[in-house]
Every structure is written in C-alpha cells, then in structure tokens.
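S.K.: Here my numbering is used: position 99 in the sequence shown is 332, and no number is missing along the way.
Quick reminder that beta carbons are idealized off the backbone N, C-alpha and C, glycines included.
The structure displayed is predicted, hence computed values, not measured ones.
The structure that follows is given in the form of structure tokens.
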Amino acid sequence: MKKLIFATGNEDKMREIREILADSGYEILSMKEAGVDLDIVEDGTTFEENAMIKAKAVMEATGALTLADDSGLEIDAFDGGPGVYSARYLGKDTPYTEKNRIILDKMKDIPEKDRTARFVCVIAAAFPDGQTHTTRGTMEGIIGYEAKGENGFGYDPIFYLPDLKKYSAQLSSEEKNDLSHRGEALRKMREVL
C-alpha cells in the first residue's frame, strides 16, 4: 500500500482523517509515526499558505507525498477572527474550555442573526515531483449560547448547526465527517489523489 504522511501530531485530527480517507488506497501516517520531528513555523496569513508551509516542509524532509491542513473558526462578529489564529487565540496553551467560555462571554449580547460563523479547512498536498494542490471546505453555523456536547474538540462545543438543532460536539463521528469542513476538504483531496 502506498504511504502518505499527514503533517499533524493531533490525534483527534488523525482519527477523522483516517476515517474520511479510509478508501483512498493510502496508508496514512502522522508525523510521529513517520519519525518526523520538525518545528514548522506557520507564518502565512491564509489557511492556504499555512497548510502549504506544513505540507512542503514535511515532504522536503521525507521525500514522501504529504498532506497538511490548516483550519480554524471564522466568527463574523469578530471580523472573521480568530481565523488562521484559531489555535493560538488567547494563547497557544490556553485550554479550549477557557477559549470557548471567553468567546461565549464576548458574544452574550449579540443577537442570533449576527452570530454567524464557519469552520474552514484547507488541505494542501505536496507531491515528491514538486506538484502542489489545495482544497477547501467550510461548515456554516452560528456561535451558540452555551458549550454542549462531548464528541468534538476545539471549538466544536460552541458551534451550533441550526438546521440540525445540534452543536458540532453533539454529532456522531459519522455525521461530523459527512458535514464538516475537514470532511469536505478531504473528500475533494481524495479526488486529487
């Protein structure tokens, strides 16, 4: 089976990625599983730039096909923030329970029509022959009024999907993979592969 490396150390992401790309014909390794220990500086200003920085760095270090993602939460009331800074928002070591609590507090007086938000995910591929490609997925919703659910990670507990009447963290992994920004971007990338 052909191998590809996914440039992440996040085990929650790796689980989602393996589920979505299960029928891709590739064995998917995390950086750790591939023996890659790089400190990659994500200094791009877009999801596309950051994903490509990671994919190219790992591909150049290994010579193997590498995928990377950059994803985040865009809140319209925050002018699209935290956006590409989602993981570092309020400090890289601040737990998401605290980040979520602060976002909910900042938005407590914002009416529902102005609470629109989306998760964005860009997947970048760096091929050993020098080719590159990116795909993008989004999941539209609103910032809820409380944190709910046990199934997600990051900002999932505050991201509400009005059509489903559920928070992202209340979705089963199958539902999330079908609907999520990462699922959409990975399915597009599967076509590229």
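(1) Where do the N-terminal and C-terminal ends of the beta strand (DSSP E) with M372 fall, by residue?
(2) If the criterion is Cβ atoms closer than 7 Å, does the pair S401 and D411 meet it?
(3) Restricting to runs no shorter than 3 residues, where is the beta strand (DSSP E) found entirely within the segment 280 to 326?
(4) How would you label Q364, buried or exposed, when you count the other beta carbons within 10 angstroms and need 16 or more for buried?
(5) Where does D303 land, buried or exposed, given buried means 16+ other C-beta within 10 angstroms?
(6) Within the same chain, show all residues whose beta-carbon is closer than 6 Å to that of A267, passing over the 5 residues directly before and after it, in chain order.
(7) Is E408 near V353, with beta carbons less than 7 Å apart?
(8) Go through its chain and collect everything with a Cβ distance to T299's Cβ below 6 Å, but skip five positions before and after it.
(9) So, is A255 buried or exposed, given that buried needs 16 or more other C-beta atoms within 10 angstroms?
(10) Enumerate in chain order the residues of its own chain whose CB-to-CB distance from G387 is below 7 Å, with the five nearest sequence positions on each side excluded.
(11) Could you give the residue range of the alpha helix (DSSP H) that holds V425?
M.R.: The structure says:
(1) Per DSSP, M372 belongs to the beta strand (DSSP E) from 365 to 376.
(2) Contact flag unset, no.
(3) You should have 299 to 308.
(4) Of the other Cβ atoms in all chains shown, fewer than 16 fall within 10 Å of the Cβ of Q364; this residue is therefore exposed.
(5) D303 sits buried, since 16 or more C-beta atoms from the chains shown fall within 10 Å of its C-beta.
(6) Cβ within range, chain order: I238.
(7) Cβ distance not < 7 Å, so E408 and V353 don't count as in contact.
(8) The residues are I238, A240, A288, V291, M292, A359.
(9) Counting other Cβ atoms within 10 Å of its Cβ, A255 stays below 16 and is therefore classed as exposed.
(10) Hits under 7 Å: Y329.
(11) Note, V425: alpha helix (DSSP H), 414 to 425.
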